[in-house]
Amino acid sequence: MLLCAAGILALTAPVLPLIDPNAIDVMHRLEAPSFAHPLGTDNLGRDLFSRIIWGSRSSLGTVAVATALIVAIAVPIGIVAGYYGGIVDEVLMRIVDVFLALPSLLLALAIGGILGPGFRSVLIALVAVWWASYARVVRGLVIGMREREFLLAARALGGGDYHVMTHHVLMNVLLPVGVLATIEMGDLVLAVAALGFLGVGVHAPNADWGTMVNDARPLLFSAPRLMLYPGLAIAAAVIAFNILGDGLRDALDPRAGPSPDYPAPTLAAKSRRRIFEASGPVAKE
Amino acid sequence: MSAYLLRRLTALLPVLLGLSLLAFSLASLAPGDPAELLLRRQTGEPPSAADVTRLRSEMGLDRPFLVRYARWLGHAVRGDLGASHSSGASVSRTLVTNLPATVELAVASLLLGIVIALPLGVLAAVSRGGPLDHVSRIVSLVGTSIPGFLLGYMFILFFGVTLKLFPVAGTGGLSHLVLPAMTLALAEAAAMARMTRASMLDVLGEDYVRTARAKGASRRLVYVRHALRNALNPVVTLVGLRVGRLLGGAVIVEIVFARAGIGTVIVDAIHDRDYAMIQGFILFVGIVFVSANLLVDLAYASLDPRVRLGSSEERAAVAR
Numbered sequence: 002m003l004l005c006a007a008g009i010l011a012l013t014a015p016v017l018p019l020i021d022p023n024a025i026d027v028m029h030r031l032e033a034p035s036f037a038h039p040l041g042t043d044n045l046g047r048d049l050f051s052r053i054i055w056g057s058r059s060s061l062g063t064v065a066v067a068t069a070l071i072v073a074i075a076v077p078i079g080i081v082a083g084y085y086g087g088i089v090d091e092v093l094m095r096i097v098d099v100f101l102a103l104p105s106l107l108l109a110l111a112i113g114g115i116l117g118p119g120f121r122s123v124l125i126a127l128v129a130v131w132w133a134s135y136a137r138v139v140r141g142l143v144i145g146m147r148e149r150e151f152l153l154a155a156r157a158l159g160g161g162d163y164h165v166m167t168h169h170v171l172m173n174v175l176l177p178v179g180v181l182a183t184i185e186m187g188d189l190v191l192a193v194a195a196l197g198f199l200g201v202g203v204h205a206p207n208a209d210w211g212t213m214v215n216d217a218r219p220l221l222f223s224a225p226r227l228m229l230y231p232g233l234a235i236a237a238a239v240i241a242f243n244i245l246g247d248g249l250r251d252a253l254d255p256r257a258g259p260s261p262d263y264p265a266p267t268l269a270a271k272s273r274r275r276i277f278e279a280s281g282p283v284a285k286e
Numbered sequence: 007m008s009a010y011l012l013r014r015l016t017a018l019l020p021v022l023l024g025l026s027l028l029a030f031s032l033a034s035l036a037p038g039d040p041a042e043l044l045l046r047r048q049t050g051e052p053p054s055a056a057d058v059t060r061l062r063s064e065m066g067l068d069r070p071f072l073v074r075y076a077r078w079l080g081h082a083v084r085g086d087l088g089a090s091h092s093s094g095a096s097v098s099r100t101l102v103t104n105l106p107a108t109v110e111l112a113v114a115s116l117l118l119g120i121v122i123a124l125p126l127g128v129l130a131a132v133s134r135g136g137p138l139d140h141v142s143r144i145v146s147l148v149g150t151s152i153p154g155f156l157l158g159y160m161f162i163l164f165f166g167v168t169l170k171l172f173p174v175a176g177t178g179g180l181s182h183l184v185l186p187a188m189t190l191a192l193a194e195a196a197a198m199a200r201m202t203r204a205s206m207l208d209v210l211g212e213d214y215v216r217t218a219r220a221k222g223a224s225r226r227l228v229y230v231r232h233a234l235r236n237a238l239n240p241v242v243t244l245v246g247l248r249v250g251r252l253l254g255g256a257v258i259v260e261i262v263f264a265r266a267g268i269g270t271v272i273v274d275a276i277h278d279r280d281y282a283m284i285q286g287f288i289l290f291v292g293i294v295f296v297s298a299n300l301l302v303d304l305a306y307a308s309l310d311p312r313v314r315l316g317s318s319e320e321r322a323a324v325a326r
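Note that the protein sequences, when read in sequence, are chains P and S.
Take 2 as the starting number for the first sequence in our numbering and just add one per residue.
Take 7 as the starting number for the second sequence in our numbering and just add one per residue.
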């Protein structure tokens with residue numbers, strides 16, 4: 002619900018009767034919340050409420066585009082590795098190992114730092130970091146179904162490798178990948194915010210939650226709300242994604258389902274992370 | 007045990023080699039010519055083409071990529087990651103001298119996280135479905151979702167400014183460590199508390215717990231002596247898996263609290279477009295991360311013989 006509302010707000014921001022988020026009004030700088038400015042104004046007199054709504058476009062939009070790119074890159078790689086096995090798998094997975102041998106935020110930070118701030122750098126950094134774990138999960142799924150009857154049947158019916166991979170393997174991978182993507186989105190929102198906070202985010206003057214927090218740092222003591230509200234927006238988005246992701250996982254995975262012993266939503270998240278990171282840099286098959 | 011260690015170490019070699027290639031090629035993707043940037047930085051004005059060409063050949067930038075990579079790697083294995091483009095200081099020395107502060111923060115947060123998480127997880131498991139369980143779940147959800155910088159600044163305002171309990175910035179004695187460690191510990195505690203709870207619930211259903219109760223052992227004794235001890239294995243695994251997050255979180259916390267550490271180093275390097283430092287940082291952090299993982303695995307292997315004898319799948323099964 003919260004996410005739908007946020008998504009709609011983000012999409013419709015240009016047509017909403019909001020004050021221009023980048024309009025500088027030095028006469029009304031650092032104003033306390035009022036009817037005209039529900040959350041007050043920042044040090045340049047820009048409307049904070051409007052900037053948070055516009056910032057959701059940048060923050061959530063980056064995550065959405067990044068997720069699409071990650072899936073588009075990682076799924077084919079994972080399928081090829083899992084389907085062919087052998088040397089192809091070995092080479093691809095050693096490359097994945099290298100990307101998983103770095104803490105994700107630090108690798109994203111280094112890549113973003115080298116490319117310079119901006120939307121494109123953030124996007125490249127996220128994709129470069131996250132494709133590896135997706136590819137590994139997809140590969141695991143494909144290996145699990147390699148000897149299943151429906152694939153053997155597809156091959157026995159004369160399906161070529163390409164046909165089997167695109168028509169049969171892919172279809173069976175998409176649902177778990179969708180769940181995975183939802184679960185990971187909370188982490189991506191946090192990563193985008195962290196990059197923005199560390200100065201590698203979307204350029205000023207455009208509104209972005211992480212960048213807004215970073216910009217508000219010098220005003221921490223005089224106007225903490227400038228930092229508090231964008232920060233809370235980030236937290237709310239991440240909480241919403243985490244609840245949604247865990248709920249989806251519970252609904253679709255009967256084993257981790259909401260039995261009375263495991264009602265914990267975050268337990269699913271933890272075991273998911275375990276799957277990811279356990280197959281990290283040093284694991285052998 | 008030594009055979010296990012050897013196996014693990016040989017598996018690391020290709021990863022480290024790939025890591026070095028990644029670090030080196032990333033830095034060469036940087037926009038702009040390093041020689042020109044360096045000259046511009048020294049003189050403050052656009053350098054002449056002749057100067058750039060001369061420096062390029064001095065720095066070996068006119069050589070093919072693989073030659074440059076091999077030379078860099080040759081120095082790197084001897085612990086020399088080159089000189090910082092902005093300050094001229096040794097990259098490896100800068101990183102090594104700043105690492106202890108980050109490790110101190112990470113270890114303090116981890117310990118604090120354990121101190122918070124174990125009681126919380128055990129109590130949540132014992133009072134399953136009760137109010138305490140719900141509180142613990144909400145704390146966990148918020149703890150894993152709240153950005154570290156927001157929490158850090160809230161702590162600064164509340165504990166540092168309003169209550170004036172702790173210093174809010176800088177590196178120093180134990181009092182400087184309290185707020186940063188608390189900030190970082192909350193996310194760790196949130197994750198660990200959930201794992202402790204789940205794992206306790208698993209163990210409490212086991213026969214030996216029932217047997218211990220039937221023998222007349224008190225509830226408290228069974229929980230602590232029998233159940234918790236066996237429930238800890240997955241928690242130890244989780245700690246190992248979160249090392250990467252801990253390092254990433256430490257960077258943010260260091261910036262918030264203006265603490266010394268490798269996080270401050272990398273953010274400064276990014277600000278100065280110091281590619282030599284960024285490149286060295288990637289390799290260095292990769293090595294630290296991989297070694298930390300190895301240490302956790304070794305600790306785990308010494309606790310549980312199935313790990314060092316069996317495959318990783320079995321280990322995962324144990325963890326589950």
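Ideal Cβ placement from N, Cα and C applies to all residues, glycine included.
Query raised in the report: What are the complete alpha helix (DSSP H) segments, minimum 4 residues, inside the region 235-311 of chain S?
Result: 235-247, 249-262, 268-277 and 281-309
Report task. Report the residue from S:Leu-11, S:Leu-234 and S:Gly-166 whose alpha carbon sits nearest the alpha carbon of Ser-181 (chain S). Result -> Here residue 181 (chain S) refers to the residue found at position 175 of the second sequence. Measuring from the Cα of Ser-181 (chain S), the nearest candidate turns out to be S:Gly-166.
Query raised in the report: If you draw a straight line from the C-alpha of Leu-153 (chain P) to the C-alpha of Leu-23 (chain S), how long is it?
Result: Position 152 of the first sequence holds residue 153 (chain P). Position 17 of the second sequence holds residue 23 (chain S). Cα-Cα distance, rounded: 38 Å.
Query raised in the report: Is DSSP giving Ser-142 (chain S) helix, strand or coil here?
Result: Numbered from its first residue, the second sequence carries residue 142 (chain S) at position 136. Helix, per DSSP.
Query raised in the report: Can you tell me where the alpha helix (DSSP H) with Glu-51 (chain S) in it begins and where it stops?
Result: Within the second sequence, numbered from 1, the residue matching residue 51 (chain S) stands at position 45. Run containing Glu-51 (chain S): none; DSSP gives neither H nor E here.
Query raised in the report: Which residues in the same chain have their Cβ closer than 8 Å to the Cβ of Ala-95 (chain S), if we skip the five residues on either side of it in sequence?
Result: Translated into the one-based positions of the second sequence, residue 95 (chain S) becomes position 89. Only Ala-89 meet the Cβ criterion.
Query raised in the report: Whose C-beta lies closer than 6 Å to the C-beta of Val-97 (chain S) among residues of the same chain, with five residues either side of it excluded?
Result: Here residue 97 (chain S) is taken as the residue at index 91 of the second sequence, counted from 1. Excluding residues within five positions, the ones whose Cβ falls inside 6 Å are Leu-87, Gly-88, Ser-90, Ala-282, Met-283 and Gly-286.
Query raised in the report: At a Cβ threshold of 8 Å, is Ala-111 (chain P) touching chain S?
Result: Residue mapping note: residue 111 (chain P) aligns to position 110 of the first sequence, counting from 1. Yes, Ala-111 (chain P) lies at the interface with chain S (some Cβ there is under 8 Å from its Cβ).
Query raised in the report: How about the region 156-166 of chain P and the region 211-227 of chain S: do they share at least three Cβ pairs that are nearer than 8 Å?
Result: no
Report task. Keeping to the same chain, check which residues put their C-beta closer than 6 Å to that of Val-121 (chain S); ignore five residues upstream and five downstream. Result -> Locating residue 121 (chain S) in the second sequence gives position 115, where the first residue counts as 1. Excluding sequence neighbours, Val-121 (chain S) sits near nothing in its chain.
Report task. Could you tell me the boundaries of the alpha helix (DSSP H) in which His-182 (chain S) lies? Result -> As a first step, residue 182 (chain S) is located in the second sequence; it is residue number 176 there, counting from the start. First-last of the alpha helix (DSSP H) with His-182 (chain S): 180-210.
Query - In DSSP terms, what Ala-89 (chain S) is bridged to - result: Residue mapping note: residue 89 (chain S) aligns to position 83 of the second sequence, counting from 1. The partner list for Ala-89 (chain S) (beta bridge, DSSP) reads S:Ser-96.
Query raised in the report: Roughly how many angstroms separate the alpha carbons of His-140 (chain S) and Val-89 (chain P), rounded to a whole number?
Result: Looking up residue 140 (chain S) in the second sequence gives position 134. Looking up residue 89 (chain P) in the first sequence gives position 88. Their backbone Cα atoms lie some 47 Å apart in a straight line.
Requested in this report: Could you tell me whether any Cβ in chain S is nearer than 8 Å to the Cβ of Gly-200 (chain P)?
Outcome: Locating residue 200 (chain P) in the first sequence gives position 199, counting from the first residue. By this cut-off, Gly-200 (chain P) is an interface position.
Requested in this report: Give the secondary structure of Ser-115 (chain S) by DSSP, where H, G and I count as helix, E and B as strand, and everything else as coil.
Outcome: By one-based count along the second sequence, residue 115 (chain S) stands at place 109. Correct three-state label for Ser-115 (chain S): helix.
Query raised in the report: If you draw a straight line from the alpha carbon of Ser-151 (chain S) to that of Arg-77 (chain S), how long is it in whole angstroms?
Result: Taking the first residue of the second sequence as position 1, residue 151 (chain S) is located at position 145. Taking the first residue of the second sequence as position 1, residue 77 (chain S) is located at position 71. Spanning the two alpha carbons is a distance of roughly 44 Å.
Query - Beta-carbon contacts of Ala-75 (chain P) that lie in its chain and below 7 Å, excluding the five residues immediately before and after - result: Taking the first residue of the first sequence as 1, we reach residue 75 (chain P) at position 74. Cβ within range, chain order: Trp-132, Tyr-135, Ala-136 and Val-139.
Query raised in the report: CB of His-81 (chain S) to nearest heavy atom of the ligand PLP: below 7 Å?
Result: Because no ligand of any kind appears in the structure shown, any question about the ligand PLP cannot be addressed here.
Query raised in the report: Are the C-beta of Ser-90 (chain S) and some C-beta of chain P separated by less than 8 Å?
Result: In the second sequence, residue 90 (chain S) corresponds to position 84, counting from 1. Answer no: the Cβ-Cβ gap between Ser-90 (chain S) and chain P never drops below 8 Å.
Report task. Give the residues of chain P in contact with Ser-151 (chain S), contact being defined as C-beta atoms less than 7 Å apart. Result -> Numbered from its first residue, the second sequence carries residue 151 (chain S) at position 145. By Cβ distance, chain P contributes Gly-187, Ala-236, Val-239, Ile-240 and Asn-243.
Query raised in the report: Given that Val-99 (chain P) touches chain S, what residues does it touch there, using C-beta distances under 7 Å?
Result: Residue numbering aside, residue 99 (chain P) sits at position 98 when the first sequence is read from its first letter. Within chain S, the residues near Val-99 (chain P) are Val-21, Gly-24, Leu-25 and Leu-28.
Query raised in the report: Any contact of the region 57-65 of chain P with the region 191-206 of chain P, i.e. 3+ C-beta pairs under 8 Å?
Result: yes
Query - Same chain only: Cβ atoms within 7 Å of Ala-298 (chain S), ignoring 5 sequence neighbours per side - result: To locate residue 298 (chain S), count along the second sequence from 1; it is residue 292. Val-249, listed in sequence order.
Query raised in the report: For Asp-48 (chain P), which three-state DSSP category applies?
Result: Within the first sequence, the letter at position 47 stands for residue 48 (chain P). Note: Asp-48 (chain P) maps to strand in three-state DSSP.
Query raised in the report: Is Phe-120 (chain P) close to chain S, meaning its C-beta is less than 8 Å from at least one C-beta of that chain?
Result: For this step, residue 120 (chain P) is matched to residue 119 along the first sequence. Cβ-Cβ to chain S under 8 Å: no for Phe-120 (chain P).
Requested in this report: Go ahead and label Ala-195 (chain P) buried or exposed: buried means 16 or more other beta carbons lie within 10 angstroms of its beta carbon, across all protein chains shown.
Outcome: By 1-based counting over the first sequence, the position of residue 195 (chain P) is 194. By the neighbour-count rule (16 or more Cβ atoms within 10 Å), Ala-195 (chain P) is buried.
Requested in this report: Would you please verify whether the beta carbon of Ser-105 (chain P) is less than 8 Å from any beta carbon of chain S?
Outcome: Mapped onto the first sequence, residue 105 (chain P) falls at position 104. Chain S contact via Cβ: present.
Query - Short Cβ contact (8 Å threshold) for Leu-169 (chain S) with Met-198 (chain S) - result: Mapped onto the second sequence, residue 169 (chain S) falls at position 163. Mapped onto the second sequence, residue 198 (chain S) falls at position 192. Met-198 (chain S) sits away from Leu-169 (chain S), with the two beta carbons spaced by 8 Å or more.
Query raised in the report: Rounded to the nearest angstrom, how far is the Cβ of Glu-42 (chain S) from that of Pro-53 (chain S), given a contact under 8 Å?
Result: Along the second sequence, one-based indexing puts residue 42 (chain S) at 36. Along the second sequence, one-based indexing puts residue 53 (chain S) at 47. Confirmed, about 6 Å.
**Report entry** Three-state secondary structure (DSSP) of Val-203 (chain P)
**Finding:** For the purposes of this step, residue 203 (chain P) is identified with residue 202 of the first sequence, where counting begins at 1. Three-state result, Val-203 (chain P): coil.
Requested in this report: Between the Cα of Asn-215 (chain P) and those of S:Ile-268, S:Ile-288 and S:Ile-261, spot the shortest distance and give me the residue it belongs to.
Outcome: If you number the first sequence from 1, residue 215 (chain P) lands on position 214. Here the closest residue by C-alpha is S:Ile-261.
**Report entry** Below-8 Å beta-carbon distance, Ala-82 (chain P) vs any chain S residue
**Finding:** In the first sequence, the residue the question calls residue 82 (chain P) occupies position 81. Closer than 8 Å: no.
Query - Alpha-carbon to alpha-carbon, Ala-305 (chain S) and Gly-292 (chain S) - result: Against the second sequence, residue 292 (chain S) aligns to sequence position 286. Against the second sequence, residue 305 (chain S) aligns to sequence position 299. Between the C-alpha atoms of Gly-292 (chain S) and Ala-305 (chain S) there is a straight-line separation of about 20 Å.
Query - Under 8 Å between C-beta atoms of Ala-102 (chain P) and Val-257 (chain S) - result: Taking the first sequence and counting its residues from 1, the one referred to as residue 102 (chain P) is at position 101. Taking the second sequence and counting its residues from 1, the one referred to as residue 257 (chain S) is at position 251. No, the Cβ-Cβ distance between Ala-102 (chain P) and Val-257 (chain S) is not below 8 Å.
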